[in-house]
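Here the structure is laid out as structure tokens; the discussion comes afterwards.
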């Protein structure tokens with residue numbers, strides 16, 4: 001799937017509520033990371049994800065996650081560069097958008 005098809009499908013699934021963050025990263029829940037890194041809620045994070053476009057696409061050296069394609073985007077949020085990795089996968093109730101990463105871009109913010 002190319003990025004244009006992915007973004008269109010991603011937006012549709014998010015609008016349907018078919019979305020989730022991975023459960024934990026470094027032992028913390030994503031709502032803690034989002035609040036600490038950017039001062040935003042998970043709801044606001046999904047708005048940022050939904051508004052991504054091809055101009056934010058980043059060439060990731062390791063694009064695979066659990067043997068499926070994931071897309072990486074980088075976007076400025078309140079003066080901080082965010083690293084966002086998302087994919088679409090089959091969930092319990094059909095396809096869903098899975099946010100694998102949404103955190104400070106360590107390279108750009110150091």
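In full-length UniProt numbering, the protein residues as written are 1 to 110. A virtual CB, placed ideally from N, CA and C, is assigned to each residue, including glycine. Just so you know, these numbers come straight off a predicted model, no measurement behind them.
Cβ neighbour criterion (16 or more within 10 Å) applied to residue i
| i | result |
| --- | --- |
| residue 105 | buried |
| residue 108 | exposed |
| residue 19 | buried |
| residue 23 | exposed |
| residue 30 | buried |
Sub-8 Å separation of residue i and residue j beta-carbons
| i | j | result |
| --- | --- | --- |
| residue 73 | residue 56 | yes |
| residue 97 | residue 88 | yes |
| residue 52 | residue 75 | yes |
| residue 36 | residue 4 | no |
Distance, residue j Cα to residue i Cα
| i | j | result |
| --- | --- | --- |
| residue 82 | residue 58 | 11 Å |
| residue 78 | residue 47 | 14 Å |
| residue 2 | residue 32 | 32 Å |
| residue 41 | residue 34 | 6 Å |
| residue 122 | residue 93 | Nothing can be reported for residue 122: it is not among the residues displayed for the chain, which extend from 1 to 110. |
| residue 49 | residue 14 | 9 Å |
| residue 71 | residue 9 | 13 Å |
| residue 16 | residue 45 | 16 Å |
| residue 6 | residue 21 | 17 Å |
| residue 95 | residue 43 | 20 Å |
| residue 26 | residue 99 | 15 Å |
| residue 91 | residue 12 | 15 Å |
| residue 86 | residue 69 | 9 Å |
Residue-level contact to chain B via CB, residue i, 8 Å cutoff
| i | result |
| --- | --- |
| residue 6 | Absent here is chain B; the protein component of the structure consists of one chain. |
Checklist line | Runs of beta strand (DSSP E) wholly within the segment 15-41 (minimum 3 residues, chain order) | finding: 19-21
Checklist line | Complete beta strand (DSSP E) runs within the segment 50-98 (minimum length 3 residues, chain order) | finding: 71-77, 80-91
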